[in-house]
Amino acid sequence: MKKKIQTILWLAFYFLMVFLPLALLIILPRPDGREFLREVSVALGFLAMALLGLQTIPTSRLKFFTKVFPMDTLYTIHHNLSIFTLLIALAHPILLFINNPETLRLLNLIVAPWRARAAVVSVVAMLILVITSVWREALKIKYDIWRWVHDGLSFLAIGLAIFHMFKVNYYMSLTYQKVIWLTLTGIWLLIILYIRVIRPIRMLKHPYKVAKLIEERGQCWSLYFEPDGHKGFDFEAGQFAWLTTESPFIFRENPFSFSTNSDHDDDYIGFTIKELGDFTNTIKTLQPGQTIYVDGPYGNFSMDEHDCKSMVFIAGGIGSAPVMSMLRTLAYRNCQKEIVFFYGNPTWEAIIYREELDEIEKKMNLKLVNVLEKPHEGWDGESGFITTDVMRRHLHKNYKDAIFFVCGPLPMIKAVQRCFKDLDIPPNHVFSEQYDMA
Amino acid sequence: MDIQHVIQRFFVIVTIVLCLGLALLFGAVQAGLF
């Protein structure tokens, strides 16, 4: 219930920040109106400004925000709303040009007034922001370079758009509008200050060091850290953290799920990481004692928030890391709830934690269903992918009362969700976490 | 579809609809159409 109230309050806060300036303009006294298209254009400009500034929030990793909303959901919302913001920011001048074609001369930056120059550069910056974000991989832009460019262009777009609004000074001549927009700008600047300065300083003051590194199957490594000179932090099984071996001010960190027992008595934290790219390929070179910076915990992919009699876990490959954290924690608690774990892997040899899962299965009321994409000769288990039929064969009778946790790449999550539809599983019983959220 | 994705879709659609609706309303009010 508490989480529901938090969610509603946050949604109300978000919508208030987007719509309050315009809503007050409609309700309160204001300057004289002009042509319809011109006024619609102005309204879209105000809304684009509010949405542009607010895009600093979803990806800010503010704890009180990420506790309520899943991180992958926040990134998707940021992605979708940023595209919409660009569209209405483009509609703002286009409507003005349609209303009065003479205003096209404002595009001539040599003779245009500063308010128009600022607006043009701001919209161009937004356009580059969206293009480099949507097609980053196709354009072969490295993640850390893209992130610096993204931050710089965001700062430029927001700053110049605010400058444009104050310079136009039509509706902004109203005192309450000035107060609202300066307050909003202050909030956005505080968030940027937190992301770029305060959080890196906090990470620098709370370093971790590598305790041990263990090679797993399927080109995976389990990495264990211990806090260096501080108490560390508590996390919930299923959550994740951002890791970096470089200065936190370089912003070259990567997100990984905890794979260890969250009820641990010691201060160790552990992650299992698959070699998939630049940073993950360097994991095996880490040495015990080496410093690493951890920003977390994040995410609400947590079993502790649900009071249920049975649970179903579905994971593919390295998606098993957060599930393993949950199973290790449940085993440690001697939990005897009915649990089914559908675990998809390419081959028998690629199954991460294979022996440990067998041990856990013996201790708990756990049914482990390995699904192999390329089964070896003589394999009598499930093969292919995790489908509706596979689930039907292994789920408990009262499976509709269970809570389902799914972790894997987006195509797998989408495929599993289609199975849930076939199985008539209530949407509020399903929790998923996808990779590649950035 | 899980509840997170329902909220996600709802959130984006509501933002878009409210933005467009409010912009048209503001335009109409200021242009004296009401």
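Protein chains in written order, with the numbering used here: chain U, 1 to 438; chain V, 1001 to 1034. For each residue, glycine too, the CB sits at the ideal point set by N, CA and C.
Given that V:Phe1026 touches chain U, what residues does it touch there, using C-beta distances under 8 Å? Within the second sequence, the letter at position 26 stands for residue 1026 of chain V. Chain U residues near V:Phe1026: Leu22, Leu25, Ile26, Glu39, Val40, Val42 and Ala43.
Rounded separation between U:Pro411 and U:Gln434 - CA only: Indexing the first sequence from 1 puts residue 411 of chain U at position 411. Indexing the first sequence from 1 puts residue 434 of chain U at position 434. The alpha-carbon atoms of U:Pro411 and U:Gln434 are separated by roughly 9 Å.
Taking U:Gln434 as part of the beta strand (DSSP E), name the residues at either end of that continuous run. To locate residue 434 of chain U, count along the first sequence from 1; it is residue 434. First-last of the beta strand (DSSP E) with U:Gln434: Val430 to Gln434.
Just how far apart, CA to CA, sit U:Leu190 and U:Ile8? As a working note, residue 190 of chain U is residue 190 in the first sequence. As a working note, residue 8 of chain U is residue 8 in the first sequence. Their backbone Cα atoms lie some 23 Å apart in a straight line.
Give a yes or no on whether the C-beta atoms belonging to U:Leu95 and U:Leu24 are separated by under 9 Å. Residue numbering aside, residue 95 of chain U sits at position 95 when the first sequence is read from its first letter. Residue numbering aside, residue 24 of chain U sits at position 24 when the first sequence is read from its first letter. It is not a contact, given that the beta carbons lie outside the stated cut-off.
9 Å Cβ cutoff met for U:Tyr298 and U:Ala241: For this step, residue 298 of chain U is matched to residue 298 along the first sequence. For this step, residue 241 of chain U is matched to residue 241 along the first sequence. Their beta carbons are under 9 Å apart, which means U:Tyr298 touches U:Ala241 by this criterion.
Drop a sphere of 10 angstroms on the beta-carbon of U:Tyr170, count the other beta-carbons inside from all chains shown, and report buried for 16 or more, exposed for fewer. Position 170 of the first sequence holds residue 170 of chain U. Per the 10 Å Cβ criterion, exposed.
Name, in chain order, the residues that DSSP records as bridge partners for U:Pro227. By one-based count along the first sequence, residue 227 of chain U stands at place 227. Looking at the DSSP assignment, U:Pro227 forms a beta bridge with U:Tyr208.
Using alpha carbons as the reference points, say which of U:Arg217, U:Ser302, U:Val42 and U:Trp188 lies closest to U:Ser154. Numbered from 1 along the first sequence, position 154 holds the residue referred to as residue 154 of chain U. Out of U:Arg217, U:Ser302, U:Val42 and U:Trp188, U:Trp188 has the C-alpha closest to the C-alpha of U:Ser154.
Simplified DSSP assignment, three categories, for U:Asp295: Translated into the one-based positions of the first sequence, residue 295 of chain U becomes position 295. If DSSP states are grouped into helix, strand and coil, U:Asp295 belongs with the strands.
What in chain U is Cβ-close to V:Gly1032, meaning under 7 Å? Reading the second sequence from its first residue, position 32 is the one you call residue 1032 of chain V. Neighbours of V:Gly1032 on chain U, chain order: Gly33.
What three-state label does DSSP hand U:Leu118 in the structure shown? Here residue 118 of chain U is taken as the residue at index 118 of the first sequence, counted from 1. Correcting the residue identity first, residue 118 of chain U is Ala in this sequence and not Leu. DSSP places U:Ala118 in the helix class (H, G or I) of the three-state scheme.
Any beta carbon from chain V within less than 9 Å of U:Thr56's own beta carbon? In the first sequence, the residue the question calls residue 56 of chain U occupies position 56. False, the Cβ-Cβ gap to chain V never drops below 9 Å.
Mind listing which residues of the region 76–100 of chain U have their C-beta closer than 8 Å to chain V's C-betas, in chain order? Taking 8 Å as the cut-off between beta carbons, the residues of the region 76–100 of chain U near chain V are Thr76, Ile77, Asn80, Leu81, Phe84 and Ile88, in sequence order.
Using DSSP bridges, identify the partner residues of U:Tyr194. If you number the first sequence from 1, residue 194 of chain U lands on position 194. DSSP, once it has assigned bridges, lists no residue as partnering U:Tyr194.
Return no unless some Cβ of chain V is closer than 9 Å to the Cβ of U:Phe15. As a working mapping, residue 15 of chain U is identified with position 15 in the first sequence. Yes, U:Phe15 lies at the interface with chain V (some Cβ there is under 9 Å from its Cβ).
In the structure shown, what three-state DSSP assignment does U:Thr244 receive? Sequence index remark: in the first sequence, residue 244 of chain U carries index 244 (1-based). Assigned with DSSP and collapsed to three states, U:Thr244 falls in strand.
Could you tell me if U:Asn108 is buried or exposed, where buried requires 16 or more neighbouring beta carbons within 10 angstroms of its beta carbon? Position 108 of the first sequence, counted from the first residue, corresponds to residue 108 of chain U. That one is exposed.
Leaving out five residues before and five after U:Tyr224 in sequence, what residues of the same chain have Cβ atoms less than 6 Å from its Cβ? Counted from its first residue, the first sequence places residue 224 of chain U at position 224. So the qualifying residues of the chain are Ala211, Lys212, Tyr268 and Gly270.
Between the region 111–123 of chain U and the region 64–74 of chain U, are three or more C-beta pairs nearer than 8 Å? In short, these stretches do not touch, since the Cβ pair count stays below three.
9 Å Cβ cutoff, U:Phe36 in contact with chain V: Locating residue 36 of chain U in the first sequence gives position 36, counting from the first residue. Chain V contact via Cβ: present.
Among residues of its own chain, excluding the 5 on either side of U:Gly381, which ones have a beta-carbon nearer than 8 Å to its beta-carbon? Indexing the first sequence from 1 puts residue 381 of chain U at position 381. Taking U:Gly381 as the centre and dropping the five residues before and after it, the same chain places the C-beta of Val369, Asn370, Val371, Leu372 and Pro375 closer than 8 Å to its C-beta, in chain order.
I'd like to know if the region 325–339 of chain U and the region 288–298 of chain U are in contact, where contact means that at least 3 CB-CB pairs between them fall below 8 Å. Remark: fewer than three beta-carbon pairs, one from each stretch, lie closer than 8 Å, so the region 325–339 of chain U and the region 288–298 of chain U are not flagged as touching.
Within this structure, are the beta carbons of U:Trp440 and U:Met165 separated by less than 9 Å? As displayed, chain U neither begins before 1 nor continues past 438, which places residue 440 of chain U out of reach and without an answer.
Give a yes or no on contact between the region 129–140 of chain U and the region 90–104 of chain U, applying the rule of three or more CB pairs nearer than 8 Å. By the C-beta criterion, the region 129–140 of chain U is judged not to be in contact with the region 90–104 of chain U, since fewer than 3 inter-stretch pairs fall below 8 Å.
Would you please state the rounded distance, in angstroms, between the beta carbons of U:His429 and U:Phe405? I believe it to be under 8 Å. Taking the first sequence and counting its residues from 1, the one referred to as residue 429 of chain U is at position 429. Taking the first sequence and counting its residues from 1, the one referred to as residue 405 of chain U is at position 405. Your pair U:His429 and U:Phe405 does not check out as a contact, with CB atoms roughly 10 Å apart and the cut at 8 Å.
Pairwise C-alpha distance: U:Thr272 and U:Lys196: Stepping through the first sequence from its first residue, residue 196 of chain U is reached at position 196. Stepping through the first sequence from its first residue, residue 272 of chain U is reached at position 272. Residue 196 of chain U is actually Arg in this sequence, not Lys. Roughly 27 Å separates the two Cα atoms.
Under 9 Å between the Cβ atoms of V:Val1012 and U:Phe13? As a working mapping, residue 1012 of chain V is identified with position 12 in the second sequence. As a working mapping, residue 13 of chain U is identified with position 13 in the first sequence. No, they are not a contact pair.
Within the continuous beta strand (DSSP E) that includes U:Pro255, where are the two ends? Walking along the first sequence from the start, residue 255 of chain U turns up at place 255. Looking at the DSSP string, the run of the beta strand (DSSP E) that includes U:Pro255 is Asn254 to Ser257.
Going by the beta-carbon positions, is the gap between V:Val1014 and U:Glu39 smaller than 9 Å? The sequence position of residue 1014 of chain V within the second sequence is 14, counting from 1. The sequence position of residue 39 of chain U within the first sequence is 39, counting from 1. With a cutoff of 9 Å on beta-carbon distance, V:Val1014 and U:Glu39 are scored as not near each other.
Are the beta-carbon atoms belonging to U:Leu407 and U:Phe313 less than 9 Å from one another? For the purposes of this step, residue 407 of chain U is taken as residue 407 along the first sequence, with counting starting at 1. For the purposes of this step, residue 313 of chain U is taken as residue 313 along the first sequence, with counting starting at 1. Correcting the residue identity first, residue 407 of chain U is Cys in this sequence and not Leu. Taking 9 Å as the Cβ cut-off, U:Cys407 and U:Phe313 qualify as a contacting pair.
Using 9 Å as the threshold, is the C-beta distance between U:Ile311 and U:Phe342 below it? Indexing the first sequence from 1 puts residue 311 of chain U at position 311. Indexing the first sequence from 1 puts residue 342 of chain U at position 342. It should be noted that the sequence gives Met, not Ile, for residue 311 of chain U. A distance of 9 Å or more separates the beta carbons of U:Met311 and U:Phe342.
Of all the CB atoms in chain V, is at least one closer than 9 Å to the CB of U:Phe69? On the first sequence, residue 69 of chain U is found 69 positions in, with the first residue counted as 1. Contacts with chain V at 9 Å (Cβ-Cβ) include U:Phe69.
With U:Ala157 and U:Ala116 assumed to form a contact (beta carbons below 8 Å), what rounded beta-carbon distance in angstroms separates them? In the first sequence, residue 157 of chain U corresponds to position 157, counting from 1. In the first sequence, residue 116 of chain U corresponds to position 116, counting from 1. In fact, because the Cβ distance is near 15 Å, the residues do not count as touching under 8 Å.
Nearest residue (CA-CA) to U:Pro21, options U:Arg136, U:Gln6, U:Ile5 and U:Leu47: On the first sequence, position 21 is the one that residue 21 of chain U refers to. Taking only the C-alpha atoms, the option nearest U:Pro21 is U:Leu47.
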